[in-house]
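So the structure is just underneath, and the comments pick up after that.
Protein chains in written order, with our numbering: chain H, 1351 to 1603; chain S, 1351 to 1603.
So, in structure tokens, the structure goes:
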């Protein structure tokens, strides 16, 4: 089977302002590169956001899980490989490999996307949209493995409110929504300096639940994932003291 | 005169997450690209930060002024041209042109840099460092014009405290300093949504005075530039209610 028309690889370098105080790439910047790779992979196959927008549709990111053996360092070059793992009626699963120039992995990522009608805001049936064209590009996990766990479940028991922030101009994207990457930044900012000095960020998961907008007040609730994992934290973000906007898990090693 | 070995041009595209809610590139992202272009231009000529660090020296950005006729939009490609305009004993002036692919200007920028000894933190004499090698690359304003005003002077009379923020993990760079670009984001975030909806950011100036660190509390003081310019604001950023960290001017049109 020829996978060349199904898998794309994009090269990026870790720019100076994209490295944190330990010299490693910020996770939010990596997330941004993954979403760009997803966008370009879709666009090249005729179902990019630009094309969809003309037909009143768009992609919505539902889940993103990133697991890194090592974070790339300043000036290092990385290859981002991306492919569609599966398509079920309302969702598609897209995977990523984050590789060194020699092909060895820094880590992997998994994501789940829905396509919505921008007028009704309802999800579309991907198996029939454009005659199911997307199915032509599916690469099964047997063909190109993504060896990290799938997206977990969150069970918030009694999380503690740890921070409340207002949102401003720099937080929102072209649609006026708080941008998916900014949530990652705000969530990592909940952790103290020592956590990043003494450990490395091993895995990050986020589930986007609903949109927030410029001016919304975001409250961050945190709990340990469970008693057996002292280095893993679950975070729930709520807007305006009510609706859940997203939920995330950060695991250090 | 051959300017080819003196002027570099780098191409970048406006990525989806780098566009604001009006569809135009964030100024902080543009600033990041300018600093990258400066870094690469220096590096190619043997006085990049990497080389300097080996000899216990580094570049410090002192001033940055950006003036745009138009901000590039999402997916547009831009060319960033950069060159050294002059070298005086303790400072070098570096200019930038931000161009469309057809060579017409989006805008221009000016910057001033000092080189410091990282052990003594004292500025170096650029006319003698590496036998004044940097002088070989000077391109005068007659040879390649940068048609925007130089850096202005700030005169703070009675600015009002408009916001105080704590700084976290995402705010700091590899040296542990609050990163130059994050100040631009935090400063633009002081303006209300309507300002960006109704006008365009025409000119931004910033003067970096001293470093702030992760955990420092930053206070933002704002005043109108003067009574005759209702669309221009001066901002002073102080750390821990005391020292001035930077001063900026934002002019809308």
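We put the CB at the ideal spot given by N, CA and C, even for glycine.
Just so we're clear, the structure is a prediction, and the values are computed from it rather than from any experiment.
- When DSSP reads this structure, residue 1603/S sits in no beta bridge, so it has no partner.
- Separation of the CB atoms of residue 1414/S and residue 1461/S is rounded to 5 Å, and the pair is thereby assigned contact status at 8 Å.
- Rounded to whole angstroms, the separation of the alpha carbons of residue 1494/H and residue 1370/S is 36 Å.
- The closest CA to that of residue 1565/S, considering only 1516/S, 1359/S and 1540/S, is found on 1516/S.
- Rounded to whole angstroms, the gap between the alpha carbons of residue 1556/S and residue 1503/S is 10 Å.
- Between residue 1451/H and residue 1419/H, the CB-CB gap reaches or exceeds 8 Å.
- Contact between the segment 1380-1389 of chain S and the segment 1579-1587 of chain H is absent, with fewer than three C-beta pairs closer than 8 Å.
- Fewer than three beta-carbon pairs drawn from the segment 1431-1446 of chain S and the segment 1518-1531 of chain S are found closer than 8 Å, and the two stretches are therefore not classed as touching.
- Below the 8 Å Cβ cutoff, chain H contributes 1371 and 1543 as neighbours of residue 1564/S, in chain order.
- Per DSSP, residue 1354/H lies in no beta strand (DSSP E) and is assigned neither H nor E.
- Where residue 1432/H is concerned, the enclosing beta strand (DSSP E) starts and stops at 1427-1437.
- Distance check between residue 1362/H and each of 1355/H, 1553/H, 1387/H and 1372/H places 1387/H closest, using alpha-carbon atoms only.
- By alpha-carbon distance to residue 1416/H, the top candidate from 1496/H, 1440/H, 1513/H and 1486/H is 1496/H.
- One alpha carbon belongs to residue 1399/S, the other to residue 1599/S, and they sit about 28 Å apart.
- When DSSP states are grouped into helix, strand and coil, residue 1559/H belongs to the coil group.
- At least one CB atom of chain S sits nearer than 8 Å to the CB of residue 1520/H.
- Within the same chain, and ignoring the five residues on either side of residue 1374/S in sequence, the residues whose Cβ sits closer than 6 Å to its Cβ are 1421 and 1423.
- Secondary structure note for residue 1533/S: its alpha helix (DSSP H) is the uninterrupted segment 1530-1538.
- Identification of residues in the segment 1485-1497 of chain H having a C-beta nearer than 8 Å to some C-beta of chain S yields an empty set.
- Check the Cα spacing between residue 1463/S and each of 1407/S, 1441/S, 1449/S and 1448/S: the tightest is with 1441/S.
- Identification of chain H residues near residue 1424/S by a Cβ-Cβ cut-off of 9 Å yields 1524, ordered along the chain.
- Rounded to the nearest whole angstrom, the CA to CA distance from residue 1548/H to residue 1545/S is 43 Å.
- When secondary structure is reduced to three states using DSSP, residue 1592/H falls in the coil class, being assigned neither helix nor strand.
- Per the coordinates, the alpha-carbon of residue 1563/S lies some 45 Å from the alpha-carbon of residue 1395/H.
- With respect to the C-alpha of residue 1509/H, the residue from 1357/H, 1402/H and 1586/H having the closest C-alpha is 1586/H.
- Counting the other CB atoms within 10 Å of its CB gives residue 1526/H a total below 16, which places it among the exposed residues.
- Sorting 1469/S, 1578/S and 1568/S by C-alpha distance to the C-alpha of residue 1594/S places 1568/S at the top.
- Under a 10 Å Cβ-count criterion, residue 1469/S is classified as exposed, with fewer than 16 other Cβ atoms of the shown protein chains found around its own Cβ.
- Distance from residue 1483/H to residue 1409/H at the Cβ level is roughly 14 Å; contact not present, criterion being Cβ atoms closer than 8 Å.
- In summary, the residues of the segment 1396-1415 of chain H whose CB is separated from some CB of chain S by less than 9 Å are 1399 and 1400, in the order they occur in the chain.
- Considering only 1513/H, 1530/H and 1514/H, the residue with the shortest C-alpha distance to residue 1411/H is 1530/H.
- When DSSP reads this structure, residue 1506/S sits in no beta bridge, so it has no partner.
- Against chain H, a Cβ distance below 9 Å from residue 1590/S picks out nothing, because the smallest value is about 17 Å.
- Residue pairing by DSSP places residue 1458/S opposite 1417/S and 1447/S in a beta bridge.
- The DSSP assignment places complete beta strand (DSSP E) segments of no fewer than 3 residues inside the segment 1377-1422 of chain H at 1407-1418, in order along the chain.
- In the structure shown, residue 1552/S falls within a strand segment according to DSSP collapsed to helix, strand and coil.
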